[in-house]
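K.L.:
Chains as they are written, first to last, in the working numbering: chain V, 50 to 292; chain L, 50 to 292; chain F, 50 to 292; chain A, 50 to 292; chain C, 50 to 292; chain Y, 50 to 292.
Beta carbons: idealized from backbone N, C-alpha and C, even for Gly.
Please read all numbers here as calculations on a predicted model, not as lab measurements.
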């Protein structure tokens with residue numbers, strides 16, 4: 050699904066983001082003045098999941114009994130079906146399900162279609178259904194819960210690719226979405242290249258710090274690193290890169 | 050604010066709806082298969098409020114610190130300001146504030162502008178601010194709470210006149226919104242004429258029933274009314290209309 | 050409605066309980082080892098309400114669409130209608146509405162019937178509807194909220210006069226229910242005579258204390274009262290009774 | 050435990066229900082007008098659980114300190130102990146724990162007794178305790194959480210085999226309860242035969258659909274299936290049955 | 050109660066703060082980078098309350114049955130009693146009640162003592178009790194609810210004059226606390242003089258704006274004010290001050 | 050970290066507590082009149098965890114933007130860092146995170162430091178971050194959730210070793226904290242020796258009971274055990290000890 054007007058990203062950005070934790074990205078965004086870009090309460094359906102992609106969005110409202118009947122799902126204009134059927138490789142479908150946990154907004158058949166389209170993953174602030182089946186499909190999926198009901202039990206699909214809120218995070222189409230075994234964070238697109246690099250740097254430093262702390266050193270001077278620790282780190286990193 | 054493509058309503062509809070309770074409308078909509086059209090947790094800022102009007106909608110997402118600064122409010126494209134500045138007489142501004150109670154989405158100056166425009170009222174599933182001032186303005190206002198913070202503390206205005214959810218009710222632009230001293234209900238536009246008449250009928254019957262119950266009659270046969278009670282009611286109503 | 054097997058209460062108990070606050074009764078019950086007999090979140094629909102009576106109970110479950118239709122309310126076996134239609138003077142209808150705030154379990158017609166029957170009041174851990182009308186009826190009513198929907202929108206009446214939970218308090222038929230401008234408390238029937246007397250005593254002492262504290266005395270020694278304060282109180286009370 | 054007055058079920062019903070997902074049953078019940086029969090927030094204590102059985106019910110109220118002491122559990126009239134001690138093979142004990150997560154309503158010894166009696170499983174909208182031990186017992190158990198406290202910390206057992214609410218679902222004794230790796234659904238008994246067959250049919254169709262979607266087909270025309278897809282499916286099924 | 054090490058405040062600060070709304074102060078603090086200084090969910094027990102003072106703090110933990118008995122309240126070291134008995138004129142007692150609404154942390158006798166001491170008010174993120182009595186005392190009181198239970202039912206008083214959280218706001222002893230008919234805000238002490246003046250300026254401007262908007266002007270250019278509006282305002286203010 | 054003034058514990062206490070379940074301890078404390086010493090909603094980050102230790106405490110308040118910046122963490126007076134850097138072997142760090150789930154209060158580096166110091170574990174009523182990394186460290190960790198944000202996103206560290214509330218349990222420094230695969234309980238220090246022994250006794254009895262129930266016996270007379278069962282148990286235990 051084409052999202053018009055997006056600035057291109059650096060070639061290495063997705064690769065870098067695949068190798069850093071969501072926690073590290075959260076700290077980098079905090080330093081840029083963005084306090085709340087990691088979702089609250091949204092976790093992976095399968096342990097050890099990793100996901101990076103570009104956000105396409107889907108928005109739900111509350112159900113209305115006369116509008117939300119199973120047969121309406123066959124319409125080519127149904128926003129949920131259209132979003133899933135036309136998503137592009139490398140995209141993540143992020144859905145504003147109003148935090149409603151009384152129905153699921155993805156089942157095993159739809160997850161299979163997302164995977165067949167090459168989507169990078171699925172994120173909702175509601176629930177998914179057929180969760181045992183979704184685990185078998187293997188698509189990275191993040192949700193606040195699972196529920197056997199279909200989406201029309203409680204929700205009404207409204208729009209594709211408008212800005213949405215998901216788990217208290219503002220998500221614009223084209224934002225960069227990263228997930229790991231803990232949660233999901235949404236990087237404003239114009240910051241993605243910068244954050245990818247600074248997160249990589251932070252993780253290298255923290256690898257060094259972890260080694261020292263694991264060896265019995267005090268936190269003070271080391272975490273956060275003072276001048277001396279940073280210099281040691283620079284030498285360690287230089288040596289490692291040579292090595 | 051013009052809402053394109055709306056069917057006209059019967060001349061008497063708004064008049065009828067002003068004289069019936071929201072509770073009565075809820076029962077009429079239930080009988081048409083719509084279980085959840087009355088908002089939960091949304092009440093009047095001023096006791097004894099009554100409101101009828103056509104919905105125009107405003108949608109918020111979560112705040113993003115770099116986008117949501119007070120100076121952004123001066124943009125003619127700010128959806129909140131635009132909605133309030135261009136609303137038409139007889140319209141009600143219904144806002145999807147994501148149920149967020151950490152900021153207010155209307156203050157006394159904006160309420161004054163709504164009133165100057167001839168708006169019929171304001172509804173939010175979030176909070177209002179400057180509530181002592183809003184009470185003085187006298188515009189019918191319904192909210193889930195009050196909070197001193199401005200909307201940019203927690204919310205980001207996104208759209209005007211798209212379908213929204215508000216307090217778990219799907220609201221389409223042009224839907225008919227009715228408020229009383231208890232709460233708010235949203236009638237799908239195509240049902241408004243029918244519901245206005247049937248609600249009027251129900252209230253006439255209940256006035257008759259209330260008189261009988263107040264006089265000491267048992268509920269059974271009277272509330273709900275059986276054949277005999279309905280016949281008595283028809284005679285009572287006919288007499289009253291003559292009289 | 051007769052509740053079988055109840056022990057009689059002392060003649061003065063209801064009179065004493067009408068003159069003490071719910072807060073005072075809560076302290077007396079705490080001293081008897083009962084920590085949680087005052088309801089949480091349940092308040093009066095009308096300010097300055099006072100209520101004392103014997104509990105009759107009504108229990109709801111969640112709604113089931115095929116069972117809960119308005120026409121079912123005409124059945125003489127509908128537990129809600131039956132409870133309201135057969136309540137006796139001096140009784141309070143206490144309803145377990147599962148804490149559900151998406152519908153009301155009493156409207157103005159039913160409140161009118163309760164009043165005509167001589168009921169002392171109504172308590173629910175859910176909502177009431179037609180609340181502006183209920184205020185006019187004048188029956189003491191306590192609830193956690195108000196909602197325009199009728200009970201069949203979300204609830205299904207199940208039983209009369211079984212033990213229930215209401216706002217986290219276990220209520221047995223025949224328990225003594227007391228309400229004031231703040232809230233509601235439920236006294237196990239076998240403790241009602243004792244608690245009525247000890248609450249009266251506490252309030253007399255607190256009246257004396259309030260006078261001293263209002264006059265500028267320190268809390269220590271006075272509230273709680275030490276030996277000396279108690280002796281002063283005894284003299285004050287004796288003097289006052291002589292009058 | 051005998052439940053009086055139950056209609057017999059078709060011989061194949063339990064077998065069919067063991068092989069379909071709860072999500073599929075939820076859709077079939079929705080089509081019959083029942084929107085909310087799958088429990089919200091109730092999940093299996095052990096992954097990959099499957100359970101089918103007939104509901105027997107147990108109801109709790111809030112605790113009262115003088116009534117709820119450990120020694121009261123030895124009474125042959127204690128409803129919790131009686132329900133567990135007299136349950137019959139093929140029955141599922143469904144408990145209304147008021148959604149209270151501050152104590153557990155089943156421990157490893159009681160789970161062992163349920164299993165020894167041949168019970169099909171246990172469902173609560175509260176918590177279970179001794180959850181590591183319960184996992185070893187292997188009885189299918191569904192709950193909203195786990196808590197080390199015993200039930201008398203927060204709850205008081207009241208009744209056996211009355212209609213109850215559990216996780217916002219009305220449960221009548223004799224209803225058919227089905228659980229899988231995702232959740233629990235309660236089928237009104239008179240619909241169980243019909244739903245078992247239609248769920249089986251839906252799962253066959255979805256197996257066919259999943260194959261097509263996995264093979265790269267678009268959702269439209271396939272899910273939901275249009276006339277042509279249904280015809281293909283009929284041929285596929287006929288072939289498979291022959292095969 | 051003396052709070053050591055506090056910087057003095059400008060003489061006019063309290064006077065200025067008495068005349069501005071909490072909503073205005075919230076905006077001024079936002080402009081200084083402090084997003085969340087207004088309490089959420091805390092409102093006045095009496096409508097039309099106004100309060101300004103210096104924070105003294107009281108901290109509660111959860112109750113422990115053996116420690117929290119009514120007789121413990123007579124100890125001169127009980128932190129609640131000590132705080133109330135030694136508060137100084139112009140101070141506001143702010144209590145961290147853990148957001149617990151199952152008991153009250155102030156009753157009418159204690160409110161009377163606070164008033165006799167000259168305290169400016171009382172704030173809690175929990176409940177107060179004896180609320181009808183507290184209304185008669187007339188001390189400005191802010192809370193999240195009311196409950197008949199005494200504090201020992203659910204809470205245990207721990208400390209006086211340590212930093213606390215109250216309704217999600219960090220409160221340091223000596224911070225300046227302001228309340229109006231809507232809510233409560235806490236100004237870090239070192240910002241109080243500056244915020245008092247800038248809030249006064251904002252309110253003067255908004256008075257001018259309100260007049261224009263009430264007269265039918267558009268929001269744009271006026272609210273927020275552009276250059277031209279600001280110049281008009283300067284002339285208006287100058288004229289008014291002369292006048 | 051030394052906690053002044055603690056009474057010594059019996060040599061065997063920690064050993065006994067390692068071998069009993071938290072559920073058993075909860076029952077023993079209930080019998081001593083302490084109803085709520087097991088935490089609600091706090092579970093192990095890693096399944097099959099066991100933990101016993103002495104509580105040291107850390108207290109958080111809400112964040113204040115100017116105080117809570119990453120660079121503040123390098124101060125030797127930062128309470129979080131100080132607590133973690135100076136904890137002693139056999140101690141458990143229990144943190145009052147205000148139940149806030151919008152940030153984590155422990156990450157993999159800090160968990161590594163706790164482990165290097167010989168700490169027995171970590172407990173919070175908030176979240177941890179870097180949870181995949183924490184799982185690898187292997188320190189027993191209990192939390193209400195996980196979140197990628199660092200603590201300064203939402204919290205401000207205030208104190209070390211003061212009494213705190215954690216998940217609705219009052220925790221005094223030096224209290225004995227026990228965790229298993231289900232949850233966490235806090236034993237008041239002066240009761241630890243007694244409870245360790247009585248819990249051991251209860252578990253022996255329940256092992257005997259479990260055997261009988263597993264063998265098909267009725268609950269009545271066995272669980273709870275009557276005189277006869279207790280005598281059988283005494284013989285069984287005596288035999289086993291000889292054996």
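(1) Which residues mark the beginning and the end of the beta strand (DSSP E) in which residue 159/V is found?
(2) For residue 209/A, would you say it is in contact with chain F, using Cβ-to-Cβ distances shorter than 9 Å as the test?
(3) Should residue 119/L go down as buried or exposed, given a rule of 16 or more other Cβ atoms within 10 Å for buried?
(4) Alpha carbons only, please: which of 115/C, 135/C, 69/C is nearest the one belonging to residue 202/C?
(5) Could you tell me which whole alpha helix (DSSP H) segments of length 4 or greater appear in the segment 166–249 of chain L?
(6) Reducing DSSP to helix, strand and coil, say where residue 125/F ends up.
(7) Could you tell me whether any Cβ in chain C is nearer than 9 Å to the Cβ of residue 234/Y?
(8) Are residue 174/A and residue 193/A touching if we call contact CB-CB under 9 Å?
(9) My understanding is that residue 100/V touches residue 228/V, with C-beta atoms under 8 Å, so please give their C-beta distance in whole angstroms.
(10) Please list, in chain order, all residues of the same chain as residue 68/C whose beta carbon is under 8 Å from its beta carbon, the five residues on each side excluded.
(11) Nearest CA to the CA of residue 73/Y: which residue from 198/A, 78/A, 207/A, 262/A?
(12) Can you give the Cα-Cα distance for residue 153/Y and residue 265/V, rounded to whole angstroms?
(13) Is the closest heavy atom of the ligand ADP to the C-beta of residue 142/Y under 8 Å?
(14) Measuring alpha carbon to alpha carbon, tell me which of 76/C, 51/C, 55/C ends up nearest residue 245/C.
(15) Within its chain, find whatever has a CB closer than 6 Å to the CB of residue 233/Y; leave out the 5 residues flanking it on each side and keep chain order.
(16) Ordered along the chain, which non-local residues of its own chain (more than five positions away) have a Cβ less than 7 Å from that of residue 59/A?
(17) What do you get for residue 216/C, buried or exposed, if any count of 16 or more other CB atoms within 10 angstroms of its CB means buried?
(18) Is the beta carbon of residue 219/F closer than 9 Å to that of residue 110/A?
(19) Can the beta-carbon of residue 187/C be found closer than 9 Å to that of residue 139/C?
(20) What does the Cβ neighbour count give for residue 107/A, buried or exposed, with the cut at 16 atoms within 10 Å?
(21) Residues in the same chain with beta-carbon distance under 7 Å from residue 272/L, minus the five sequence neighbours each way, listed in chain order, please.
(22) Going along chain C, which residues have a C-beta under 8 Å from residue 195/L?
(23) Using CA coordinates, which residue listed in 226/Y, 239/Y, 50/Y, 275/Y is at the minimum distance from residue 133/Y?
(24) Note down, in chain order, every chain F residue with its Cβ under 7 Å from the Cβ of residue 198/C.
(25) Taking the alpha carbon of residue 285/F as the point to measure from, which residue in 256/F, 269/F, 270/F has its own alpha carbon closest?
(26) So, is the C-beta of residue 43/C closer than 9 Å to a C-beta in chain Y?
(27) Just grab the DSSP bridge partners of residue 364/C for me.
(28) Which stretch, first to last residue, makes up the alpha helix (DSSP H) that contains residue 154/Y?
(29) Could you tell me if residue 292/V is buried or exposed, where buried requires 16 or more neighbouring beta carbons within 10 angstroms of its beta carbon?
(30) One question on the structure: do residue 149/C and residue 179/C come within less than 9 Å of each other, judged by their Cβ atoms?
(31) In the DSSP output, which residue or residues are listed as bridge partners for residue 92/C?
(32) Short of 6 Å in beta carbon distance, which residues of its chain neighbour residue 159/A, apart from the five on each side in sequence? Order them along the chain.
(33) Where do the ends of the alpha helix (DSSP H) carrying residue 278/A lie?
(34) Give the DSSP bridge partners of residue 101/L, in chain order.
P.N.:
Quick answer:
(1) Working through the first chain from its first residue, we reach residue 159/V at position 110. Segment 157–165 is the alpha helix (DSSP H) holding residue 159/V; no beta strand (DSSP E) there.
(2) Position 160 of the fourth chain, counted from the first residue, corresponds to residue 209/A. Closer than 9 Å: no.
(3) Residue numbering aside, residue 119/L sits at position 70 when the second chain is read from its first letter. With fewer than 16 other Cβ atoms within 10 Å, it is exposed.
(4) Here residue 202/C is taken as the residue at index 153 of the fifth chain, counted from 1. Comparing Cα positions, the closest option is 115/C.
(5) 180–186
(6) Residue 125/F sits at position 76 when you count from the first residue of the third chain. In the structure shown, residue 125/F sits in coil (DSSP, three-state: anything other than H, G, I, E or B).
(7) Mapped onto the sixth chain, residue 234/Y falls at position 185. No, because no Cβ of chain C sits closer than 9 Å to the Cβ of residue 234/Y.
(8) Looking up residue 174/A in the fourth chain gives position 125. Looking up residue 193/A in the fourth chain gives position 144. Taking 9 Å as the Cβ cut-off, residue 174/A and residue 193/A qualify as a contacting pair.
(9) Here residue 100/V corresponds to residue number 51 of the first chain, with the count starting at 1. Here residue 228/V corresponds to residue number 179 of the first chain, with the count starting at 1. Indeed, because the Cβ distance is near 4 Å, the residues count as touching under 8 Å.
(10) Walking along the fifth chain from the start, residue 68/C turns up at place 19. Cβ neighbours of residue 68/C beyond the five flanking positions: 249, 252.
(11) Locating residue 73/Y in the sixth chain gives position 24, where the first residue counts as 1. Comparing Cα positions, the closest option is 198/A.
(12) Residue 153/Y sits at position 104 when you count from the first residue of the sixth chain. Residue 265/V sits at position 216 when you count from the first residue of the first chain. About 23 Å.
(13) For the structure depicted, the ligand ADP is absent and the ligand set is empty, with no information on it obtainable.
(14) Along the fifth chain, read from residue 1 onward, the residue named residue 245/C stands at position 196. Closest by alpha carbon: 76/C.
(15) Stepping through the sixth chain from its first residue, residue 233/Y is reached at position 184. The residues are 88, 91, 172, 191.
(16) On the fourth chain, position 10 is the one that residue 59/A refers to. So the qualifying residues of the chain are 242.
(17) For the purposes of this step, residue 216/C is taken as residue 167 along the fifth chain, with counting starting at 1. When all chains shown are included, residue 216/C counts as buried.
(18) By one-based count along the fourth chain, residue 110/A stands at place 61. By one-based count along the third chain, residue 219/F stands at place 170. Their beta carbons are under 9 Å apart, which means residue 110/A touches residue 219/F by this criterion.
(19) In the fifth chain, residue 187/C corresponds to position 138, counting from 1. In the fifth chain, residue 139/C corresponds to position 90, counting from 1. Not closer than 9 Å, so no.
(20) Position 58 of the fourth chain holds residue 107/A. Residue 107/A comes out buried.
(21) The sequence position of residue 272/L within the second chain is 223, counting from 1. 258, 262.
(22) Position 146 of the second chain holds residue 195/L. The answer, in chain order, is 92, 231, 232.
(23) Along the sixth chain, one-based indexing puts residue 133/Y at 84. Here the closest residue by C-alpha is 50/Y.
(24) On the fifth chain, position 149 is the one that residue 198/C refers to. What residue 198/C touches in chain F: 75, 87.
(25) One-based indexing of the third chain puts residue 285/F at position 236. It is 256/F whose Cα lies nearest to the Cα of residue 285/F.
(26) Here chain C covers residues 50 to 292 and nothing more, so residue 43/C does not appear.
(27) Not covered by the structure: residue 364/C. The range shown for chain C is 50 to 292.
(28) To locate residue 154/Y, count along the sixth chain from 1; it is residue 105. Run containing residue 154/Y: none; DSSP gives neither H nor E here.
(29) Position 243 of the first chain, counted from the start, is the residue given in the question as residue 292/V. It is exposed - the Cβ of residue 292/V has fewer than 16 other Cβ atoms within 10 Å.
(30) The sequence position of residue 149/C within the fifth chain is 100, counting from 1. The sequence position of residue 179/C within the fifth chain is 130, counting from 1. No, these two residues do not count as a Cβ contact at 9 Å.
(31) Numbered from 1 along the fifth chain, position 43 holds the residue referred to as residue 92/C. Per DSSP, 192/C.
(32) Residue mapping note: residue 159/A aligns to position 110 of the fourth chain, counting from 1. Closer than 6 Å at Cβ, skipping near neighbours: 133.
(33) Residue 278/A sits at position 229 when you count from the first residue of the fourth chain. It spans 276–291 - the alpha helix (DSSP H) in which residue 278/A sits, taken as one unbroken run.
(34) Mapped onto the second chain, residue 101/L falls at position 52. The partner list for residue 101/L (beta bridge, DSSP) reads 227/L.
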